[in-house]
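Just so you know, the sequences run in chain order A and B. Residue 101 in my numbering is what sits at position 91 of the first sequence, and the numbering runs on without skipping anything. Residue 153 in my numbering is what sits at position 115 of the second sequence, and the numbering runs on without skipping anything. For glycine and all other residues, C-beta sits at the position ideal for the given N, C-alpha and C. Below is one structure; the comments refer to it alone.
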Amino acid sequence: MLEATSRYIAEEKVFHGFIPRIMGTRFDILLAGVSSALGESCWALTVTELQRLDKILNRFDATSEVSRLNGNAFKKPFAVSREFWDILNDCKKYHQMTSGIFDVTLKDFSLVKFHEETKSVSFSISDLSLDFGGYAKGYALEKIKGILKKQNIGHAFINFGNSSIMGIGKHPYGNGWKVNINNPFHPEKVLGEFTLKNAVLTTSGNTPDYTEHIIHPFSGKRNNEKKCICVITNNACDGEVLSTSLIASHQDKQKIITKFEPAKIIEYKFVN
Amino acid sequence: MSNKNNKNTVDLSLRQFIKDLGCVTGGAALLGTMPWLQSFTPAAAEEIKKEKARVALIGTGSRGLYHIHNLFLIPHAEIVALCDDYAPNLKAAAELVPKARTYTDYRKLLEAKDIDGVIISSPLNWHAPMVLDSLAAGKHVFCEKAMADSFQACKDIYDAYQETDKVLYFCMQRMFDEKYIKGMQMIHSGLIGEVVGCRMHWFRNHNWRRPVPSPELERKINWRLYWESSQGLMTELASHQLEVCNWATGLNPQSVMGMGDIVYWKDGREVYDSVSLVYRYSNHVKITYESLISNKFNGMEDEILGKEGTMHLASGVYYMEDEKIGKSGIEQLLNQIGNKVFTAIPAAGPSWRPETRKEYQAHNILKGKFDVNDGFSMIGVDNDGSDAILDAFCQACITGEKGKDIVEEAYSATTQCLLGNQAMAERREIFFPEEYKIPYMKF
């Protein structure tokens, strides 16, 4: 992780914390209506929590739990931590809810074997690895939501790499938190505006310099359509999974959506 | 010296800053790599607030006067004596500190019993004799950089320091500059990745001269321009910057090559007005050092290149490699709140990925406002650490606590400057001489 920084703006009672790189992206949190001390203590808990989760879920860190699992689960069942076990089961649940579209193996989730008694996991083939790219930020946001609740912080805005934005309570001068989504291919063009109040906006899609990263798990085909999907949910994990699944899926979108709690879903297609 | 009214608070703020740095996660360990700062705390200032370090200035030229102004703002310092062998300089200082005794011979000053510490701001060739005599006279010593004008003189001072219980400081002010402290902490915590290069430069467009009232005073007043009294741009400017490179890499260069010439100021001076050198560390990382005083376009910068980013310590700014420019919207949101406005911020979009570089974005090392040295002043600037290191010295005059690593850093930096001059004089790659390696230096 890179240096975390923070500042407090006393006149507005606003605390801002920033991490330039964590879980492969950057993290910003704004706490409104807090004292400096409360902001600092909440920020310290948040940084610690993100570092902890990064150590579980970041596959680019060779020492993380997921990396160790990826490297060892084919040889023999790999015993995982209680939390990671729950995460894997959560991903299994989402796999079923999305008719198999949401898949942390990006290949075939049935190749992941769960051993309940030993809380261990094994892979049926050697060429398998788990990637929590479409899940981890949502999971982390839910954890941070828990921290904020415990600290009695009622108003916060969190931007986790632009694709996951959570608004809790309200802006000091508004009734929620307003964000725009801009066309990634033409950043000056505003596609839409959302007001978040105790909700999460999750966006999936391609960008000009990051295309074809969305893979359909059944066909293995890369999706290079110029589109993005915005999902507003109460639960950040639901948002991650829904947006990831809907961008990858060609059919059965409605079938997937009905499995989730009501969510606002908007799809944008770009001609250019 | 423009903002002297707030110097005290600036000074206390550095102490607080250091205390705060030690409080962040991992901060204590990182501060442990800067042991000279450990005693520079608000608590230490509180402890000595009723006491005074009785100090004397040896050398009251422009830099001596600069220190006097800083001393006025250090509550635990009292100037008791002044010495200079150039009457106009002594007079200028005496006007500032009328109650201080005046001397024209520093040896006489050293005989005074009511002096705890001396502050030496003399031409470079006088550093070694004055430092050695002062230590021998039982005084604590603060001396301008560079350490001395030859390897042997540096070694003599270093050896004397090993034997004495007196405090010795050299004015390596970057060691007390918040930008550098925080920046180094960031470098050592891995922010810019592995250090792969150092690019240091100092450009001015000035003849580096002082006005001379009569010709026989030329060498006395313009001592910087002659080899008998100066080691030129290397000791006067590069010494600070080479120290920064060693601080960042944790190493000392093994060898150096370079060229030095008088390109423009062909006015009878001896020292180069243009130097270009390459220093090489054992891990093959190189310092490229350049100083030219007939063009100021590039100003002064201490640039540390890392695999993941670049640190501009003099400007207090860093840049990350492969960072896509794209606002998180937070700045806009903060501005909005400041203006009591509620509108949408452009934040949402597909995942922001740091791997897709477009341009470099500047990030400040420090929060809030801070001072940046453009490098053009020949005397010194505000809040560049010079006041804080002097404050720390005055504290040490009272407590008797030696400043950790300061002499060693000055020794390492100065000897590298001298090595550079030798390389330029001999036009070949020069390796650091074994006999002048001290245990502190890692090659």
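Which residues in the same chain have their Cβ closer than 7 angstroms to the Cβ of residue i, if we skip the five residues on either side of it in sequence?
i: leucine 121/A; result: Thr115, Phe133, Ser134, Ile135 and Leu138
i: leucine 151/A; result: Ile168, Phe170, Ser174, Met176, Val210 and Ala246
i: lysine 258/B; result: Tyr124
i: tyrosine 474/B; result: Phe189, Lys193 and Thr453
i: leucine 148/B; result: Asp171, Ser172, Ala175 and Lys177
i: tyrosine 196/B; result: Val445, Tyr449 and Ile476
i: isoleucine 157/A; result: Cys52, Leu55, Thr56 and Glu59
Would you tell me roughly how many angstroms separate the C-alpha atoms of residue i and residue j, rounded to the nearest one?
i: isoleucine 158/B; j: threonine 273/B; result: 16 angstroms
i: phenylalanine 88/A; j: lysine 269/A; result: 31 angstroms
i: alanine 385/B; j: glutamine 370/B; result: 10 angstroms
i: isoleucine 363/B; j: glycine 202/A; result: Here isoleucine 363/B scores only 47 on pLDDT, less than 50, and its place in the model is too uncertain to base an answer on.
i: phenylalanine 142/A; j: histidine 114/B; result: 59 angstroms
i: aspartate 122/B; j: phenylalanine 214/B; result: 27 angstroms
i: glutamate 59/A; j: aspartate 412/B; result: 41 angstroms
i: glutamate 250/A; j: asparagine 82/A; result: 27 angstroms
i: phenylalanine 481/B; j: glycine 34/A; result: 36 angstroms
i: isoleucine 153/B; j: lysine 137/B; result: 14 angstroms
i: asparagine 192/A; j: valine 200/A; result: 4 angstroms
i: alanine 94/B; j: asparagine 336/B; result: 38 angstroms
i: lysine 345/B; j: aspartate 38/A; result: 24 angstroms
i: serine 100/B; j: serine 77/B; result: 29 angstroms
i: asparagine 127/B; j: leucine 111/B; result: 21 angstroms
i: phenylalanine 280/A; j: isoleucine 375/B; result: 33 angstroms
i: isoleucine 325/B; j: phenylalanine 414/B; result: 22 angstroms
i: asparagine 208/A; j: glycine 179/A; result: 6 angstroms
i: alanine 166/B; j: serine 267/B; result: 12 angstroms
i: arginine 242/B; j: histidine 26/A; result: 40 angstroms
i: aspartate 64/A; j: isoleucine 32/A; result: 7 angstroms
i: glycine 144/A; j: threonine 381/B; result: 29 angstroms
i: leucine 69/B; j: glutamine 200/B; result: 24 angstroms
Which residues in chain A have a C-beta closer than 7 angstroms to the C-beta of residue i? List them in chain order.
i: glycine 354/B; result: Per Cβ cutoff of 7 angstroms: no residues; glycine 354/B is ~14 angstroms from chain A at best.
i: threonine 381/B; result: Lys188
i: lysine 378/B; result: Tyr183
What residues in its chain sit with their C-beta under 6 angstroms from that of residue i, if we drop five residues either side in the sequence?
i: phenylalanine 431/B; result: Phe180 and Tyr207
i: lysine 440/B; result: Val205
i: aspartate 187/B; result: Leu162, Asn163 and Gln269
i: threonine 205/A; result: Gly186 and Lys188
i: lysine 160/A; result: none
i: arginine 465/B; result: none
If the cut is a Cβ gap below 7 angstroms, which residues of chain B does residue i touch?
i: glycine 329/A; result: Given that chain A is displayed from residue 11 to residue 282, the structure contains no residue 329/A and the question cannot be resolved.
i: arginine 17/A; result: Lys405
i: leucine 211/A; result: Ala386
i: glutamate 203/A; result: Ala382
Excluding the 5 residues preceding and the 5 following residue i in the sequence, name in chain order all residues of the same chain whose CB lies nearer than 8 angstroms to its CB.
i: methionine 224/B; result: Ile230, Met349, Tyr356 and Ile403
i: histidine 125/A; result: Pro87, Val131 and Ser132
i: glutamate 472/B; result: none
i: aspartate 311/B; result: Trp246, Leu271, Asp299, Ile300, Val301, Tyr302, Trp303, Leu330, Ile331 and Ser332
Against residue i, what residues of chain A qualify as contacts under a CB-to-CB distance less than 9 angstroms, listed in chain order?
i: proline 384/B; result: Val189, Asn190, Ile191, Asn192, Pro197 and Val200
i: isoleucine 368/B; result: His26, Phe28, Asp38, Ile39, Leu40, Phe167 and Asn169
i: methionine 72/B; result: Those do not exist, as methionine 72/B stays about 16 angstroms from chain A at its closest Cβ, beyond 9 angstroms.
Who does residue i pair with in a DSSP beta bridge?
i: lysine 237/A; result: Lys279/A
i: serine 174/A; result: Phe170/A and Thr212/A
i: arginine 486/B; result: Outside the modelled stretch of chain B, which goes from 39 to 481, sits residue 486/B, for which no answer is possible.
i: lysine 123/A; result: Ser132/A
i: aspartate 310/A; result: Any question about residue 310/A goes unanswered here, given that chain A covers just 11 to 282.
i: lysine 188/A; result: Thr205/A
i: serine 293/B; result: Arg318/B and Phe469/B
i: isoleucine 383/B; result: Val189/A
i: lysine 274/A; result: Ile242/A
i: phenylalanine 180/B; result: Ile157/B and Tyr207/B
i: valine 355/B; result: His350/B and Asn402/B
i: cysteine 121/B; result: Ile96/B and Tyr141/B
Using a cut-off of 8 angstroms between C-beta atoms, extract the partners of residue i located in chain B.
i: valine 24/A; result: Leu372 and Ile375
i: cysteine 238/A; result: Gly387 and Pro388
i: glutamate 13/A; result: Met224, Ser227 and Leu229
Chain A partners of residue i, CB-CB under 8 angstroms?
i: methionine 349/B; result: Here the premise fails: no neighbours, minimum Cβ distance about 12 angstroms.
Checklist entry - Any residues in the region 152-184 of chain A with a beta carbon nearer than 7 angstroms to a beta carbon of chain B? Which ones, in chain order? => result Phe167, Asn169, Gly171, Asn172, Ser173, Ile175, His181, Pro182, Tyr183 and Gly184
Item to check | Residues of the region 86-113 of chain A whose Cβ lies closer than 7 angstroms to any Cβ of chain B, in chain order | outcome: none
Next on the checklist: If the cut-off is 8 angstroms on Cβ atoms, which residues from the region 27-52 of chain A count as contacting chain B, listed in chain order?
Outcome noted: Phe28, Pro30, Arg31, Gly34, Thr35, Arg36, Asp38, Leu40 and Ala42
Item to check | chain A contacts from the region 215-248 of chain B (Cβ-Cβ distance under 7 angstroms) | outcome: Met224, Ser227 and Leu229
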